[in-house]
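Participant: So the sequence lines, in the order shown, correspond to chains A and B.
The first sequence: position 13 = 13 (our numbering), numbered continuously.
To convert, take the position in the second sequence, counting from 1, and add 80; that gives our numbering.
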Amino acid sequence: MNDPQQPRLTPIDEWEDEAAAMLDGVEYDTDLGLRMARDAIRVSNGELSDAEFHEKYHEELLAEFGEDERPTKPEGFDDD
Amino acid sequence: MTNYGLVIDQERCIGCQACAVSCKQENNVPMGQFWNRVLTEGGDKIDTPSGGYPEDGGSGSLDMEYQPTACQHCENAPCVKVCPVNATYTRDDGIVEIDYDKCIGCRYCMAACPYNARVFNWDEPEQMPEEGTGDVAARPQGVVEKCTFCSHRVDEGLDPACVVNCPADARIFGDLDDEGSTVSKYINEYETDQLLEDRGTDPKTHYISGEMSPGRPQTSDKMESELDDVSPWSDGAEDVPSDADGSDSGDSGGSHHSIESDADPHVPAVGSGGDD
Ligand code: SF4
Ligand code: SF4
Ligand code: SF4
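1) Determine the DSSP secondary structure at A:TRP15, reduced to helix, strand or coil.
2) Determine the extent of the beta strand (DSSP E) in which B:VAL223 is found, giving its start and end residues.
3) Below 6 Å CB to CB, which residues in the same chain sit around B:TYR188 once its five sequence neighbours on both sides are set aside?
4) Using a Cβ cut-off of 7 Å (strictly closer), state whether B:PRO158 contacts chain A.
5) What do you reckon, are the CB atoms on B:GLU210 and B:ARG219 nearer than 7 Å?
6) In chain order, what residues of the segment 22 to 46 of chain A put their CB closer than 7 Å to some CB of chain B?
7) With a threshold of 6 Å, establish whether the CB of A:PRO7 neighbours any heavy atom of ligand 1.
8) Do B:PHE229 and B:ASP239 have their CB atoms nearer than 7 Å?
9) Please determine, among B:VAL176, B:VAL199, B:ASP273, B:SER261, the residue with the shortest C-alpha to C-alpha distance to B:ASP308.
10) In this structure, how does DSSP classify B:ASN83 when only helix, strand and coil are distinguished?
11) Which residue or residues does DSSP assign as beta-bridge partners of B:GLU259?
12) Can we count B:VAL176 as close to ligand 1, meaning its CB is less than 6 Å from some heavy atom?
13) Do B:GLY174 and B:GLY222 have their C-beta atoms within less than 7 Å of each other?
14) Please name the residue or residues paired with B:HIS286 in a DSSP beta bridge.
15) Can you tell me whether B:PRO164 is buried or exposed? The criterion is at least 16 other CB atoms within 10 Å of its CB, across all chains shown.
16) Any heavy atom of ligand 3 closer than 6 Å to the beta-carbon of B:PHE114?
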């Protein structure tokens with residue numbers, strides 16, 4: 001059976017540890033996932049634009065996943 | 081445009097767990113996992129009160145403060161922005177959903193969700209009974225899953241299972257873009273909060289606290305917009321918002337109270353699989 005998992009609100013100072021635990025053992029780059037998670041909240045907060053977020057991680061995602069299908073792609077963005 | 085949202089009246093919620101259980105049943109949620117959970121503000125365990133008993137003649141502050149929590153269907157959803165393969169996406173009607181065929185199990189979305197609303201199938205999911213429950217196919221091992229606002233029901237004009245099965249009428253589902261809908265009226269009329277507002281995620285789930293609303297008495301399992309002739313305001317609900325007299329809100333208000341033949345109270349069907 002799956003280990004029990006369920007919605008809960010994590011205090012902000014514990015978030016990073018919890019996110020790292022979630023990504024532990026993942027087949028993909030853990031550090032990239034953590035950095036993107038942090039910046040995705042900055043996008044929600046309005047501290048970072050969708051376009052900036054997209055550009056910041058585009059190359060790394062292509063290298064890690066071979067694709068970048070995020071909806072944050074700005075118009076006219078050069079995919080290559 | 082339609083933009084679905086949920087209002088949860090914490091003053092009406094009695095912490096009975098019916099939403100959590102009906103969510104599991106309807107959505108075939110694997111053993112060990114919950115998509116929806118009734119939190120209490122006093123602690124992480126079930127039914128943990130905050131405050132204390134009255135001592136020395138004092139009034140005491142013991143309070144249960146139930147807070148049912150599932151995916152908040154954020155307007156600015158960080159989970160959607162990080163998914164490299166666009167498996168997590170926002171539908172045109174605002175529901176945040178996962179395409180399980182596309183999901184590669186990277187769990188980036190889980191790390192990005194501030195509400196811990198997502199669960200991962202580390203193992204082959206187990207169902208009880210083995211053939212599963214409800215109206216949704218089981219998800220495979222290696223993908224992330226979460227509350228869908230019961231999109232399979234919504235697509236058929238039915239309210240989410242947790243909404244229909246809430247005995248306290250504390251859960252109200254509807255179109256946030258329709259000013260005449262009960263969800264919109266309650267958000268305007270009552271003090272409502274979104275969880276973790278400071279993160280800027282702008283959840284489509286709003287919590288009423290402080291003053292109890294009339295709820296939305298469930299005269300059927302159909303969404304309000306699907307009910308032509310049924311008043312959402314039951315008799316005696318005198319504290320409904322003042323613009324709910326039907327004068328300008330078309331078929332979502334009104335003082336008439338007849339029930340159409342296709343709007344029978346929800347009775348689970350027996351026999352051949354599924355309950356709707
Ligand atoms: S609550 Fe979490 S999973 Fe749901 S939309 Fe918001 S960030 Fe995504
Ligand atoms: S786990 Fe699945 S849904 Fe989540 S980010 Fe990865 S591919 Fe997208
Ligand atoms: S809307 Fe459906 S999937 Fe979401 S918590 Fe309610 S029953 Fe579960």
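Positions of the beta carbon are idealized from the N, C-alpha and C atoms, including for glycine.
Facilitator: Inspection of the coordinates gives the following:
1) helix
2) First-last for B:VAL223: undefined, no H or E at that position.
3) VAL162
4) yes
5) no
6) MET22, LEU23, VAL26, TYR28, GLY33, LEU34, MET36, ALA37, ALA40, ILE41, VAL43, SER44, ASN45, GLY46
7) No, Cβ of A:PRO7 sits at least 6 Å from all heavy atoms of ligand 1.
8) no
9) B:SER261
10) coil
11) According to DSSP, B:GLU259 shares a beta bridge with no other residue.
12) yes
13) With contacts defined as CB atoms closer than 7 Å, B:GLY174 and B:GLY222 fail to qualify as a contacting pair.
14) DSSP, once it has assigned bridges, lists B:VAL87 as partnering B:HIS286.
15) When all chains shown are included, B:PRO164 counts as buried.
16) No.
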